[in-house]
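Residue numbers (this note's numbering), protein chains in the order written: chain A, 616 to 918; chain B, 4 to 335. Quick reminder that beta carbons are idealized off the backbone N, C-alpha and C, glycines included. Just so you know, these numbers come straight off a predicted model, no measurement behind them. Written out below as structure tokens is the structure these notes cover.
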């Protein structure tokens with residue numbers, strides 16, 4: 616189990632305390648830390664990095680430092696360069712530039728980098744990628760082919776709002792008639808993302824600053840066992856403001872065969888009662904749908 | 004501005020007729036794709052078969068224009084053959100360059116056809132010098148189509164740092180507001196995406212629904228916009244829709260609008276851009292002809308140090324609205 620980086624703009628203290636609790640209580644193997652979405656947020660988190668890394672490491676968790684997804688300015692590139700030079704910790708490249716800067720040493724390819732096929736996977740492996748978290752829209756049969764043909768560990772996103780797009784424009788600021796340069800950090804008002812509804816009041820998307828996410832929460836509890844058999848080595852849980860210690864326990868229990876997915880999914884609903892679940896992508900369908908009938912949309916058609 | 008290099012005008016063609024129209028109107032290069040999911044404009048009735056490409060290359064070359072073949076989707080694991088075949092055929096038929104996005108496919112092209120000129124598609128979203136260096140040094144990529152996230156000032160600062168790699172920027176047409184190649188909104192709503200299928204907000208998933216108030220446009224069952232009676236119902240491109248957030252209804256991502264940088268061409272030339280790209284492979288020959296003529300006149304005027312011609316392109320822009328997009332910082 617991997618806990619992904621917190622994608623939202625949480626207060627630095629909340630961010631620190633969240634990770635302290637993860638260190639002390641959560642049954643996850645790896646924790647990713649870093650600002651992926653907006654470089655303006657990073658300075659506020661920086662002072663807490665040493666304490667959080669120490670607490671997680673002492674608790675036996677592997678710490679991975681995650682890069683920004685969209686790198687445009689010199690300052691952002693300089694930060695990426697420093698990140699890529701990190702000794703002693705794995706680095707997750709969420710932009711090709713970071714993979715390039717890290718080449719020759721082990722790194723993780725993050726889910727915002729496009730790995731859709733064997734050739735791209737091999738190219739990153741050759742550069743030193745030891746782990747690849749795949750993009751959200753890949754269906755299970757494609758994941759299986761990738762997992763079978765690589766020595767790198769394949770990781771699949773399994774819980775939380777899905778990152779769907781990244782932009783130079785900040786939609787949290789725009790929604791409040793603010794410019795990005797004077798945004799007042801309004802993205803911190805929506806710690807699970809700003810809900811976006813259609814004109815018919817149908818929940819559709821969520822906005823996290825410059826990132827657009829799914830309204831639905833990904834839930835791959837029903838697919839975990841089959842994906843493990845297909846060679847997927849890790850599952851990524853995206854932090855939300857729910858009890859992530861309990862969420863991680865459910866995914867661990869199902870992955871270990873200690874709990875039935877239906878039972879775990881019912882408990883997951885209890886942990887995030889407002890969330891609607893989705894698993895469409897993994898079944899080759901629209902990302903927002905949830906399918907619990909394998910006959911209707913088999914995970915591995917033809918198997 | 005005689006000391007400035009003459010930028011190449013790169014124009015779209017979804018059909019042989021549009022290709023001829025673009026060349027006749029003064030295109031320096033025409034870009035196009037094959038009639039399948041190897042290219043990011045995989046729409047019904049569009050694009051070229053091998054024979055049409057061969058004829059198009061002959062037509063262009065006779066008139067001093069180049070043909071660039073876009074093979075810019077991301078091949079799915081297990082089925083690389085159609086992408087490889089597209090690369091092989093484009094090279095064999097004499098394309099002047101290939102426009103590619105996927106690292107695996109770029110590697111294939113560089114290995115298999117080391118003499119081929121490779122351009123990096125906007126779909127690769129190479130937004131900084133390090134990413135560009137990666138593609139140039141590992142695969143010999145010669146030109147990068149820049150993602151629509153950078154300002155003119157940022158582009159001007161970028162160019163000297165990546166030479167001899169050339170940059171190409173979009174100057175007109177539909178515009179993505181998300182970093183291209185890094186957007187799964189379409190597949191979230193419809194199951195079909197630009198990266199995997201070469202389509203965004205595909206027509207097969209669009210419905211126009213009559214309601215008491217007027218017409219709702221839907222994509223994948225989600226209402227993207229609503230129009231009053233007598234109002235022209237626009238196409239429901241997902242990121243150009245009206246949505247509600249915090250109780251406010253707005254074009255949250257972007258208005259229905261078209262990029263138009265005609266007035267900005269001198270600045271873009273000064274920024275050291277090698278090629279100007281016009282979007283619109285899904286457009287007809289009349290559109291292509293009109294836009295290419297306008298930008299041909301614009302580029303020629305800029306090079307001659309003359310004022311930009313006043314050409315009204317309102318009729319052919321989306322919703323009659325125009326933007327200079329990310330080229331101006333305030334857009335962000």
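Alpha-carbon to alpha-carbon, residue j and residue i
i: residue 217 of chain B; j: residue 223 of chain B; result: 19 Å
i: residue 867 of chain A; j: residue 840 of chain A; result: 11 Å
i: residue 2 of chain B; j: residue 11 of chain B; result: Since the first and last residues shown for chain B are 4 and 335, residue 2 of chain B lies out of range.
i: residue 842 of chain A; j: residue 897 of chain A; result: 10 Å
i: residue 263 of chain B; j: residue 330 of chain B; result: 11 Å
i: residue 239 of chain B; j: residue 129 of chain B; result: 28 Å
i: residue 636 of chain A; j: residue 623 of chain A; result: 18 Å
i: residue 785 of chain A; j: residue 875 of chain A; result: 41 Å
i: residue 53 of chain B; j: residue 66 of chain B; result: 20 Å
i: residue 94 of chain B; j: residue 116 of chain B; result: 8 Å
i: residue 703 of chain A; j: residue 766 of chain A; result: 22 Å
i: residue 673 of chain A; j: residue 817 of chain A; result: 45 Å
i: residue 209 of chain B; j: residue 697 of chain A; result: 46 Å
i: residue 638 of chain A; j: residue 848 of chain A; result: 21 Å
i: residue 221 of chain B; j: residue 192 of chain B; result: 10 Å
i: residue 832 of chain A; j: residue 760 of chain A; result: 26 Å
i: residue 306 of chain B; j: residue 850 of chain A; result: 55 Å
i: residue 804 of chain A; j: residue 686 of chain A; result: 24 Å
i: residue 719 of chain A; j: residue 743 of chain A; result: 5 Å
i: residue 153 of chain B; j: residue 301 of chain B; result: 22 Å
i: residue 788 of chain A; j: residue 91 of chain B; result: 46 Å
i: residue 26 of chain B; j: residue 56 of chain B; result: 14 Å
i: residue 782 of chain A; j: residue 182 of chain B; result: 5 Å
i: residue 190 of chain B; j: residue 253 of chain B; result: 23 Å
When the options are compared against residue i, the one with the closest alpha-carbon
i: residue 712 of chain A; options: A:720, A:728 and A:702; result: A:728
i: residue 13 of chain B; options: B:207, B:171 and B:178; result: B:171
i: residue 102 of chain B; options: B:69, B:75 and B:255; result: B:75
i: residue 707 of chain A; options: A:626, A:771, A:646 and A:679; result: A:679
i: residue 118 of chain B; options: B:100, B:92 and B:40; result: B:100
i: residue 166 of chain B; options: B:305, B:275 and B:327; result: B:275
i: residue 879 of chain A; options: A:889, A:865 and A:872; result: A:865
i: residue 797 of chain A; options: B:332, B:221 and B:28; result: B:332
i: residue 135 of chain B; options: B:106, B:28, B:285 and B:190; result: B:106
i: residue 249 of chain B; options: A:908, A:720, A:802 and A:869; result: A:802
i: residue 837 of chain A; options: A:757, A:871 and A:859; result: A:871
i: residue 233 of chain B; options: B:90, B:68 and B:213; result: B:213
i: residue 625 of chain A; options: A:820, A:810, A:644 and A:824; result: A:824
Same chain only: Cβ atoms within 7 Å of residue i, ignoring 5 sequence neighbours per side
i: residue 650 of chain A; result: 656, 657, 660 and 683
i: residue 297 of chain B; result: 265, 314 and 316
i: residue 60 of chain B; result: 70, 96, 97 and 98
i: residue 620 of chain A; result: 647, 648, 649, 651 and 681
i: residue 86 of chain B; result: 41, 74, 78 and 108
i: residue 290 of chain B; result: 283 and 319
i: residue 328 of chain B; result: 151, 178, 262 and 334
i: residue 236 of chain B; result: 211, 218, 220 and 230
i: residue 709 of chain A; result: 651, 681, 682, 683, 684, 725, 727 and 728
Contacts around residue i, its chain only, beta-carbon distance under 6 Å, and the 5 residues preceding and following it disregarded
i: residue 244 of chain B; result: 227 and 228
i: residue 22 of chain B; result: 16, 33 and 59
i: residue 676 of chain A; result: 646
i: residue 246 of chain B; result: 255
i: residue 5 of chain B; result: Since pLDDT at residue 5 of chain B reaches only 43, below the 50 mark, its modelled position is unreliable, and the value read off the structure follows with that caveat. So the list is empty, once near-sequence residues are dropped.
i: residue 288 of chain B; result: 20, 21 and 24
i: residue 854 of chain A; result: 621
i: residue 633 of chain A; result: none
i: residue 139 of chain B; result: 168
i: residue 807 of chain A; result: 855 and 856
Residue i CB to nearest heavy atom of the ligand FMN below 8 Å
i: residue 88 of chain B; result: This structure does not include the ligand FMN; it has no bound ligands of any sort.
Residues near residue i in its chain [Cβ-Cβ closer than 8 Å; skip 5 each side]
i: residue 260 of chain B; result: 178, 243, 320, 321, 322, 324, 325 and 326
i: residue 631 of chain A; result: 663, 666 and 667
i: residue 780 of chain A; result: 826 and 827
Let me know the beta strand (DSSP E) ranges lying completely inside the segment 704-736 of chain A, each 3 residues or longer, listed in chain order. Correct list: 705-708 and 722-724.
Exercise for review: Count the C-beta pairs between the segment 44-60 of chain B and the segment 77-90 of chain B that are closer than 8 Å, then say yes if the count reaches three, no if not.
Suggested key: Contact fails: fewer than three Cβ-Cβ distances are below 8 Å.
**Asked** Between the segment 719-738 of chain A and the segment 154-167 of chain B, do at least 3 Cβ pairs fall closer than 8 Å?
**Response** No, they do not touch.
request  = Output the residue ranges of the alpha helix (DSSP H) runs that lie fully inside the segment 618-696 of chain A and measure 4 residues or longer, sorted by chain position.
outcome  = Those alpha helix (DSSP H) runs which fall completely within the segment 618-696 of chain A and span 4+ residues are 627-640, 657-660 and 664-673.
Exercise. Would you say the segment 789-803 of chain A touches the segment 844-851 of chain A, given that touching needs at least three Cβ pairs under 8 Å?
Worked result: Short answer: they don't touch.
*asked:* For the structure I just gave you, are there three or more beta carbon pairs, one from the segment 818-837 of chain A and one from the segment 768-782 of chain A, closer than 8 Å?
replied: Contact between the segment 818-837 of chain A and the segment 768-782 of chain A is present, because at least three Cβ pairs lie under 8 Å.
Flag this pair as touching only if the segment 747-760 of chain A and the segment 185-201 of chain B have three or more C-beta atom pairs under 8 Å; answer yes or no.
Yes: at least three Cβ pairs fall under 8 Å.
- Item | alpha helix (DSSP H) segments (min. 4 residues) lying fully within the segment 195-278 of chain B | Counting only runs of 4 or more, we get 197-200 and 268-273.
- Query: At which residue ranges does the segment 17-48 of chain B contain complete alpha helix (DSSP H) runs of 4 or more residues, listed in the order of the chain?
  - Reply: DSSP runs (the alpha helix (DSSP H)) wholly in the segment 17-48 of chain B: 19-27.
Entirely within the segment 169-199 of chain B and at least 4 residues each: give me those alpha helix (DSSP H) ranges in chain order. The segment 169-199 of chain B is shown to contain whole alpha helix (DSSP H) runs of 4 or more residues at 188-193, in chain order.
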